[in-house]
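Working notes for the structure below.
Numbering (this note's numbering), first residue to last: 949 to 1054.
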């Protein structure tokens, strides 16, 4: 599975931490990960609306099979992503919610 990490400006300070954990877990399970940023606060400010468009492009083009994204609360990113064609997005705050979302809704 090709997993993409797409972060917006309010969460960019945690990019290095998130990508390190994601790569460790994903690679151990045979998945590839691509970090599309936003890498830090000095990077161009990407909003959750822009990231929703980018997420849709990644999924619909086949460049990614799964995208992890978010914003300050996660709600805006979820709503924006669900407005895009070919995207089903849920707000998950722990592994159990993530698993259940993929089994029931995804």
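Just so you know, even glycine gets a beta-carbon here, dropped at the ideal spot from N, CA and C. Everything numeric in this text was worked out from a predicted model, so none of it was measured.
query	result
Completely contained alpha helix (DSSP H) runs for the stretch 975 to 1028, where each covers 4 or more residues	996 to 1009
Top-ranked residue by Cα proximity to residue 1002, from 956, 960, 1054 and 966	956
Residue 1057 versus 971, 1022 and 954, residue with shortest Cα-Cα distance	Not covered by the structure: residue 1057. The range shown for the chain is 949 to 1054.
Buried versus exposed, by CB contacts within 10 Å (16 or more), residue 1026	buried
DSSP three-state assignment for residue 1031, whether helix, strand or coil	coil
Pick from 995, 1043 and 1052 that is closest to residue 1024, judged by C-alpha positions	995
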